[in-house]
Amino acid sequence: MFSVELASLQRHYAAQSPNNPALIPSPPFPTNHWLTKQNNQQELYNTLVVNNNYNPSNWHRSFWKRIINQIEELEQEINHNILNYYISLLSITTTTPTQILTYYYGPLEHRTKWSQINLHENKVTHLITQQVKHLTDLKLSNQASISQGTTGLQTWGASVCLANHLILNRHALLHQQRDITVIELGSGTGLVGILAHQLNPRNQLWLSDVSPEVLTRLRQNIHLNGQHNSRVSVQHLDWNQETLRLDPGVSPLVLGADVIYDPHILPGLVRTIQHFLSSHPAQSVDGVKQEPQALICSLVRTTHTWNTFLSICRREDIQIEFLDTRPAINAARSDADGILFPQALDPTIAYTQDNLVLVRLTSSPTTAIGDGAVSPFKEELVSPVP
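According to my numbering, the residues represented by the sequence shown are 207 to 592, in order.
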């Protein structure tokens with residue numbers, strides 16, 4: 207196993223992704239030949255256990271069980287540190303629904319240059335996996351049956367796609383020549399907003415949601431990532447009832463991941479987006495045009511819901527641009543430099559990726575930021591990049 211493969215495996219291990227460790231491909235999962243050597247087993251243990259402080263979980267127990275089974279099948283000696291650690295994991299009896307997952311990003315071959323985001327998340331259950339598998343159009347009325355009251359307590363694929371888009375376009379989106387307030391709608395675990403603040407801590411960050419449980423979790427994740435300062439705040443925001451006021455002279459960047467799931471909430475969502483887009487007109491700073499914009503990434507569960515969202519945007523005179531999701535999706539591969547897709551997408555990740563759509567919304571016609579915009583919008587059909 208090359209060091210880059212061990213680095214890739216560490217990202218899987220930290221994010222506990224995929225949900226079933228048996229589905230980690232080889233490589234980066236150790237090959238039989240590599241595991242026959244005691245020094246390699248020790249290196250694996252040092253990398254994943256000694257040099258890190260991941261909270262032990264049932265996922266880790268399954269991971270090391272796979273390692274041990276593989277060594278036993280080879281009729282090789284099991285490293286005593288690995289065996290003792292696995293035995294310690296057998297005593298895990300936690301009943302808490304939450305866990306701390308770590309998402310790394312940065313050049314895979316240079317671990318010292320990695321950045322990380324730690325998130326309290328609810329454990330992924332069989333029910334949630336089935337929801338993704340069947341790609342049902344989630345309704346507000348049945349959210350209570352998912353994730354103990356809200357899907358906002360897990361990180362979903364659209365969040366990772368949008369986060370990797372920010373990483374790839376950080377200078378164009380987050381390092382403008384005037385102050386930016388980053389506003390994440392339906393923040394959930396806060397992955398996208400926390401990442402945006404890591405990429406440029408000088409910007410203001412508002413994480414917003416409507417669920418009290420999610421708002422509590424957001425505050426926990428802010429503290430977990432050392433972002434509890436005057437530039438970061440958690441806001442209760444009901445799209446149908448409230449608006450948040452921006453300070454004069456501040457340009458908003460609105461972010462939303464997996465917020466398009468129920469046609470009934472779309473009018474309020476679009477009104478909220480339009481409020482921020484229209485709150486500050488486009489300006490030219492040193493000859494460079496800067497304007498409020500929104501980036502919305504979501505899974506197309508039904509084309510009807512997405513077409514409803516786009517139709518309401520048009521009715522509100524919001525300009526729509528489709529952005530190419532392929533660079534962000536490619537960055538989520540285990541051998542790439544971005545954030546891994548989370549365990550919540552397992553085992554339908556390939557199909558889900560094909561249905562992730564990213565749009566840029568503005569109040570006036572613009573040119574897309576990123577590597578290639580999607581073909582012009584067709585009212586009767588929403589489709590990802592061909």
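Even for Gly, the Cβ is constructed at its ideal location relative to N, Cα and C.
Please read all numbers here as calculations on a predicted model, not as lab measurements.
{"Query": "Would you mind stating whether aspartate 464 and glycine 363 have Cβ atoms separated by less than 9 Å?", "Result": "yes"}
{"Query": "For alanine 213, report the span of its alpha helix (DSSP H) as first-last.", "Result": "209-221"}
{"Query": "Anyone know if the C-beta pair for serine 321 and aspartate 385 falls short of 9 Å?", "Result": "no"}
{"Query": "Quick check on the DSSP output: what are the complete beta strand (DSSP E) runs of length 3 or more inside the stretch 468-547, in order along the chain?", "Result": "489-491, 494-496, 499-505 and 525-529"}
{"Query": "Grab the span of the beta strand (DSSP E) containing histidine 174 for me, first residue to last.", "Result": "Residue 174 is absent from the structure shown; the chain starts at 207 and stops at 592."}
{"Query": "What separation, rounded to the nearest whole angstrom, lies between the Cα atoms of lysine 319 and leucine 372?", "Result": "18 Å"}
{"Query": "Of the residues Val416, Asp415, Gln404 and Glu448, which one's Cα is nearest the Cα of asparagine 435?", "Result": "Gln404"}
{"Query": "Is it true that the stretch 462-480 meets the stretch 422-440, where meeting means three or more beta-carbon pairs spaced less than 8 Å apart?", "Result": "no"}
{"Query": "Between the alpha carbons of arginine 507 and serine 365, how many angstroms are there, rounded?", "Result": "15 Å"}
{"Query": "Going by C-alpha to C-alpha distance, which of Asn257, Asn264 and Pro236 sits closest to asparagine 275?", "Result": "Pro236"}
{"Query": "For serine 232, does the count of other Cβ atoms within 10 angstroms reach 16, so buried, or fall short, so exposed?", "Result": "exposed"}
{"Query": "Cα-Cα, which of Ala228, Pro533, Leu250 and Ala220 is closest to leucine 212?", "Result": "Leu250"}
{"Query": "List the residues that DSSP assigns as beta-bridge partners of valine 388.", "Result": "Leu411 and Leu459"}
{"Query": "Hey, could you find the ends of the alpha helix (DSSP H) arginine 272 is sitting in?", "Result": "264-279"}
{"Query": "Using the C-alpha atoms, what's the distance from proline 234 back to alanine 220?", "Result": "14 Å"}
{"Query": "For the putative contact between glutamine 282 and threonine 308, defined by C-beta atoms under 8 Å, what is the C-beta separation to the nearest angstrom?", "Result": "Incorrect: roughly 30 Å between the Cβ atoms, too far for contact."}
{"Query": "Assign arginine 423 to buried or exposed, taking buried as 16 or more other Cβ atoms, counted over all protein chains shown, within 10 Å of its Cβ.", "Result": "buried"}
{"Query": "What are the boundary residues of the beta strand (DSSP E) that includes histidine 442?", "Result": "438-442"}
{"Query": "So what's glutamine 404 in DSSP terms, helix, strand or just coil?", "Result": "helix"}
{"Query": "Nearest-angstrom Cα distance between arginine 451 and threonine 478?", "Result": "11 Å"}
{"Query": "Using three-state DSSP, classify isoleucine 230 as helix, strand or coil.", "Result": "coil"}
{"Query": "Per DSSP, which residues does isoleucine 306 bridge with? Please list them.", "Result": "His326"}
{"Query": "Check tyrosine 260 in the structure and name its three-state DSSP category.", "Result": "coil"}
{"Query": "In this structure, does DSSP put arginine 566 in helix, strand or coil?", "Result": "strand"}
{"Query": "Tell me the DSSP bridge mates of tyrosine 311?", "Result": "Ser321"}
{"Query": "Are the beta-carbon atoms belonging to leucine 461 and threonine 387 less than 9 Å from one another?", "Result": "no"}
{"Query": "At what residues does the alpha helix (DSSP H) containing glutamate 249 begin and finish?", "Result": "244-251"}
{"Query": "Within the same chain, show all residues whose beta-carbon is closer than 7 Å to that of asparagine 370, passing over the 5 residues directly before and after it, in chain order.", "Result": "Ala534, Ala537, Ala538, Gly544 and Ile545"}
{"Query": "For the alpha helix (DSSP H) containing serine 294, name the first residue and the last one.", "Result": "286-295"}
{"Query": "Give the straight-line distance between the Cα atoms of valine 416 and proline 498, rounded to the nearest whole angstrom.", "Result": "23 Å"}
{"Query": "Does DSSP classify leucine 424 as helix, strand or coil?", "Result": "helix"}
{"Query": "Pull up the CB-CB distance for tryptophan 512 and valine 563, whole angstroms please, since I reckon it's below 8 Å.", "Result": "7 Å"}
{"Query": "For isoleucine 230, count neighbouring Cβ atoms within 10 angstroms of its own Cβ and tell me buried if that reaches 16, exposed if not.", "Result": "buried"}
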